[in-house]
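These notes concern the structure reproduced below.
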Amino acid sequence: MPENQKQEYNPLITGFSGDQGPLNISLNEAKAVFGQLPSTYGFVSAKKGENENRSGNKALNLKTGYFIRDLLSNKEINLKKEVYQFFRNWHRDLKAEFQINIDPFFNLNDPKAVQSILRENANCINYYSELDIRKFLSESSNIRKDILNSIAPDNLVKKAGEILTKKIKQGRGKGLQKNTEALSALNCYSIVHQIKQFSHDRLSLPEGNYLSGFADEISTGFLKFNSYRPLKDIRSVSGRTGKGIEFEYATRDYSYLELGKKTGDCTADKRNFQSDSNIENIFWTVFSWILDRNYQIIKVFFDGDFVMKVHLLPLYITDSNRRWNSQSSFSLNSEYVILAIDAIETTINFRDDKTPSTKPYLIKHKNEIFSKTIEFIEKLADTMNIHHIYAEKFSNTPWVRDILGSYPEIFFHIDHLGKIDELEDVFYLAEEISSQMGYESPKEVFMELQMKNTYLSPGYINKAPGIKSFARIRGNAADGIPMKRIIGV
2 MPENQKQEYN PLITGFSGDQ GPLNISLNEA KAVFGQLPST YGFVSAKKGE NENRSGNKAL
62 NLKTGYFIRD LLSNKEINLK KEVYQFFRNW HRDLKAEFQI NIDPFFNLND PKAVQSILRE
122 NANCINYYSE LDIRKFLSES SNIRKDILNS IAPDNLVKKA GEILTKKIKQ GRGKGLQKNT
182 EALSALNCYS IVHQIKQFSH DRLSLPEGNY LSGFADEIST GFLKFNSYRP LKDIRSVSGR
242 TGKGIEFEYA TRDYSYLELG KKTGDCTADK RNFQSDSNIE NIFWTVFSWI LDRNYQIIKV
302 FFDGDFVMKV HLLPLYITDS NRRWNSQSSF SLNSEYVILA IDAIETTINF RDDKTPSTKP
362 YLIKHKNEIF SKTIEFIEKL ADTMNIHHIY AEKFSNTPWV RDILGSYPEI FFHIDHLGKI
422 DELEDVFYLA EEISSQMGYE SPKEVFMELQ MKNTYLSPGY INKAPGIKSF ARIRGNAADG
482 IPMKRIIGV
């Protein structure tokens with residue numbers, strides 16, 4: 002537990018109210034003024050709710066959290082479409098105002114490359130898209146007709162796949178080759194129909210805004226398809242293959258809400274899933290992250306295993322005497338945008354302090370994985386036209402804190418760190434989705450940024466209130482506050 006968390010934990014958080022506008026408010030004040038009891042929305046049991054009524058232990062973002070969890074309980078729903086469409090029409094032009102390209106921050110793959118693959122392989126993809134599986138299997142005599150006819154339509158692909166897999170394990174010679182070809186065709190059919198879920202209807206392949214919004218998901222489908230039937234131009238896209246060190250953005254479906262549980266950090270949905278239960282739980286902030294185009298979580302994999310997540314967002318550095326509002330222009334020479342690494346958290350298997358859960362083969366590669374991750378972030382920043390990269394030093398994993406502590410440091414007052422649009426955009430998206438889906442609209446939304454949390458930085462609260470030290474991954478030391486002004490040298 003960080004030294005400063007022995008004090009009353011009360012960091013400043015970011016918020017937006019429909020009535021009051023932007024809020025720069027302490028956690029305790031936000032809970033007192035805007036918080037509600039989790040039992041009101043069924044987030045805790047009746048007995049737990051009674052205890053909370055007595056203690057007044059209120060939480061934030063409950064209206065937002067309620068409709069998001071309820072929507073995503075349907076595991077097929079992905080909020081990425083809603084986020085993409087909303088921000089396409091948002092008034093902020095990040096390229097014109099900040100000179101940054103936000104597109105690579107939503108999809109790692111270029112939609113134009115995805116479109117090219119669709120165009121160059123139209124005949125092959127359309128063949129499997131329109132394939133009549135029952136007729137195909139019947140005519141090829143891979144499965145007896147009476148067995149085929151006994152399988153329900155909604156279970157045909159799964160059951161036929163199981164039958165063919167069993168035949169392949171038992172067969173040899175021409176029968177083996179024939180069944181292998183049939184299973185490959187079945188897999189291609191399944192993949193194409195998985196890709197179709199990212200379309201305006203499930204009868205057509207994605208195009209236009211749907212293709213642009215789901216470029217990563219469609220690319221992953223093409224890579225899987227390519228393992229069965231070669232596709233032209235496939236090297237122009239990337240995705241997970243299960244080999245080596247790989248990266249992807251967290252999917253904005255129900256799995257997004259479970260990431261904190263998988264890494265055991267303070268964003269787990271219950272405190273008992275945290276590796277250190279003494280750390281303040283901030284699961285409430287996840288509901289703002291999932292709606293924010295300008296907040297991304299990168300999932301890091303090693304040989305197919307999920308090992309680490311990295312939280313990223315663009316922030317602007319500005320004069321603390323100048324407050325930002327959504328109609329301001331980005332004009333002062335002293336202002337510039339950074340790519341902030343807001344958190345780096347690992348799974349319990351990737352911590353060297355959590356035996357016996359630690360997997361030695363992962364720890365053996367920790368420096369390589371961390372180095373490749375930073376290299377990936379630097380390349381991402383380059384494509385976004387962002388030079389400066391600063392990182393929050395706190396992590397749930399000691400070896401990550403040690404590595405971040407080895408980087409050159411740079412100091413800023415947290416008032417110098419601004420979030421683009423604060424949370425105005427997230428608030429109106431939450432309002433739009435909730436009203437369209439028939440839920441009660443939130444009156445305000447909140448988000449905690451570790452970059453602005455001085456309670457995670459031991460030693461500076463008393464000496465220099467509001468000042469934080471960050472790991473300078475890339476940037477100019479002269480841009481920060483001189484150390485002598487902080488410690489009085």
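Heads up, the sequence shown is in the numbering used here, so the first residue is 2 and it goes up one at a time.
Don't be surprised by glycine CBs; every beta carbon is placed ideally from N, CA and C.
Practice task
Kindly confirm or deny that the segment 219-230 and the segment 252-261 touch, where touching means at least three C-beta pairs closer than 8 Å.
Solution key: no
Problem - Residue environment, residue 329, which counts as buried when at least 16 other CB atoms sit within 10 Å - result: By 1-based counting over the sequence shown, the position of residue 329 is 328. Here the model assigns residue 329 a pLDDT of 42, short of 50, so the residue's position is not dependable and the matter cannot be decided.
Practice task
Let me know the secondary structure DSSP gives residue 379 once reduced to three states.
Solution key: The residue labelled residue 379 in the question sits at position 378 within the sequence shown. In the structure shown, residue 379 sits in a helix (DSSP, three-state: H, G or I).
Practice task
For residue 192, I'd like the list of residues in its chain whose CB is within less than 7 Å of its CB, leaving aside the five on either flank, ordered along the chain.
Solution key: Sequence index remark: in the sequence shown, residue 192 carries index 191 (1-based). Only 222, 225 and 226 meet the Cβ criterion.
Practice task
Look at the alpha carbon of residue 270 and the alpha carbon of residue 43, and state the distance between them as a whole number of angstroms.
Solution key: Against the sequence shown, residue 270 aligns to sequence position 269. Against the sequence shown, residue 43 aligns to sequence position 42. Their backbone Cα atoms lie some 13 Å apart in a straight line.
Practice task
Could you pull the start and end residues of the alpha helix (DSSP H) that residue 470 belongs to?
Solution key: As a position in the sequence shown, residue 470 is number 469, starting the count at 1. Note, residue 470: premise wrong, no alpha helix (DSSP H); beta strand (DSSP E) at 468-475.
Problem - Complete runs of the beta strand (DSSP E) confined to the segment 258-307 [at least 3 residues] - result: 297-303
Exercise for the section: Quick one: grab the DSSP three-state call for residue 234. Expected result: Position 233 of the sequence shown, counted from the first residue, corresponds to residue 234. Of the three classes helix, strand and coil, the one that applies to residue 234 here is coil, per DSSP.
Problem - Buried versus exposed call for residue 404 [16 or more other C-beta atoms within 10 Å across all chains shown] - result: Position 403 of the sequence shown holds residue 404. It counts as buried.
Exercise for the section: Name the two residues that bound the continuous beta strand (DSSP E) containing residue 458. Expected result: Counting from one through the sequence shown, the residue named residue 458 turns up at place 457. No beta strand (DSSP E) contains residue 458, which DSSP labels as neither H nor E.
Practice task
Run through the segment 381-424 for me and flag every whole beta strand (DSSP E) of 3 or more residues, listed as ranges in chain order.
Solution key: Fully enclosed beta strand (DSSP E) runs of 3 or longer: 389-392, 410-414 and 418-420.
Handout entry: Residue nearest to residue 252 in terms of C-alpha spacing, selected from 242, 212 and 298
Key = For the purposes of this step, residue 252 is identified with residue 251 of the sequence shown, where counting begins at 1. Nearest of 242, 212 and 298 to residue 252, Cα basis: 298.
Handout entry: For residue 317: DSSP bridge partner residues
Key = What you label residue 317 is simply residue 316 of the sequence shown in a count that begins at 1. Answer by DSSP bridge pairing, in chain order: 338 and 419.
Handout entry: Boundaries (first-last residue) of the beta strand (DSSP E) holding residue 246
Key = On the sequence shown, residue 246 is found 245 positions in, with the first residue counted as 1. Note, residue 246: beta strand (DSSP E), 246-250.
Problem - Through-space distance from residue 140 to residue 133, alpha-carbon basis - result: The residue given as residue 133 occupies position 132 in the sequence shown. The residue given as residue 140 occupies position 139 in the sequence shown. Spanning the two alpha carbons is a distance of roughly 11 Å.
Handout entry: the segment 176-191 / the segment 203-210 touching (three or more Cβ pairs under 8 Å)
Key = Two segments are said to touch when three or more pairs of C-beta atoms, one from each, lie closer than 8 Å; by this definition the segment 176-191 does not touch the segment 203-210.
Practice task
Might you give, ordered along the chain, the residues of its own chain that have their beta carbon closer than 6 Å to the beta carbon of residue 284, omitting 5 neighbours on each side?
Solution key: The residue given as residue 284 occupies position 283 in the sequence shown. Listed in chain order, the non-local C-beta contacts of residue 284 below 6 Å within the same chain comprise 268 and 270, local neighbours out to five positions each way being set aside.
Practice task
Out of 276, 136 and 126, state which residue places its alpha-carbon closest to the alpha-carbon of residue 194.
Solution key: Here residue 194 refers to the residue found at position 193 of the sequence shown. Answer by Cα proximity: 126.
Problem - Buried or exposed by the 16-neighbour rule on C-beta atoms within 10 Å, applied to residue 23 - result: Here residue 23 is taken as the residue at index 22 of the sequence shown, counted from 1. Its Cβ being crowded by 16 or more others within 10 Å, residue 23 is buried.
Practice task
Pick out whichever of 198, 213 and 305 has its Cα sitting closest to the Cα of residue 247.
Solution key: Numbered from 1 along the sequence shown, position 246 holds the residue referred to as residue 247. Comparing Cα-Cα distances from residue 247 to each of 198, 213 and 305, the minimum goes to 305.
Exercise for the section: Would you identify the three-state DSSP class for residue 150, choosing helix, strand or coil? Expected result: Numbered from its first residue, the sequence shown carries residue 150 at position 149. DSSP places residue 150 in helix when its eight states are reduced to three.
Handout entry: Residue from 184, 443 and 421 with nearest C-alpha to residue 163
Key = On the sequence shown, residue 163 is found 162 positions in, with the first residue counted as 1. Out of 184, 443 and 421, 184 has the C-alpha closest to the C-alpha of residue 163.
Exercise for the section: For residue 478, I'd like the list of residues in its chain whose CB is within less than 8 Å of its CB, leaving aside the five on either flank, ordered along the chain. Expected result: Position 477 of the sequence shown, counted from the first residue, corresponds to residue 478. These residues qualify, in order along the chain: 409 and 411.
Exercise for the section: Would you grab the beta carbon distance between residue 344 and residue 396 for me? Rounded to a whole angstrom, and I think it's under 8 Å. Expected result: Taking the sequence shown and counting its residues from 1, the one referred to as residue 344 is at position 343. Taking the sequence shown and counting its residues from 1, the one referred to as residue 396 is at position 395. Contact flag correct, Cβ pair sits at about 7 Å.
Exercise for the section: Enumerate in chain order the residues of its own chain whose CB-to-CB distance from residue 1 is below 8 Å, with the five nearest sequence positions on each side excluded. Expected result: In the structure as shown, the chain starts at 2 and stops at 490, and residue 1 therefore has no counterpart that could be examined.
Exercise for the section: Put residue 33 into one of helix, strand or coil per three-state DSSP. Expected result: Residue 33 sits at position 32 when you count from the first residue of the sequence shown. Helix, per DSSP.
Problem - Pick from 165, 63, 119 and 346 that is closest to residue 399, judged by C-alpha positions - result: Within the sequence shown, numbered from 1, the residue matching residue 399 stands at position 398. Of 165, 63, 119 and 346, the residue nearest in Cα terms is 346.
Exercise for the section: Apply the 10 Å Cβ neighbour rule to residue 312 and answer buried if 16 or more other Cβ atoms are within range, or exposed otherwise. Expected result: What you label residue 312 is simply residue 311 of the sequence shown in a count that begins at 1. Under this definition residue 312 is a buried residue.
Problem - Span separating the alpha-carbon of residue 178 from that of residue 137 - result: Against the sequence shown, residue 178 aligns to sequence position 177. Against the sequence shown, residue 137 aligns to sequence position 136. Cα-Cα distance, rounded: 16 Å.
Handout entry: Stretch-stretch touch, CB-based, cutoff 8 Å, three pairs: the segment 8-15 with the segment 447-455
Key = A contact exists between the segment 8-15 and the segment 447-455.
Handout entry: Closer than 7 Å: residue 439 CB and nearest the ligand SAH heavy atom
Key = The ligand SAH is not among the ligands present in this structure, which contains no ligands whatsoever.
Problem - Residue environment, residue 100, which counts as buried when at least 16 other CB atoms sit within 10 Å - result: Translated into the one-based positions of the sequence shown, residue 100 becomes position 99. Within a 10 Å sphere around the beta-carbon of residue 100 sit fewer than 16 other beta-carbons, which makes this residue exposed.
Practice task
Quick one: residues in its chain with C-beta nearer than 8 Å to the C-beta of residue 402, no 5 flanking neighbours on either side, listed in chain order?
Solution key: By one-based count along the sequence shown, residue 402 stands at place 401. Excluding sequence neighbours, residue 402 sits near 394, 395 and 396.
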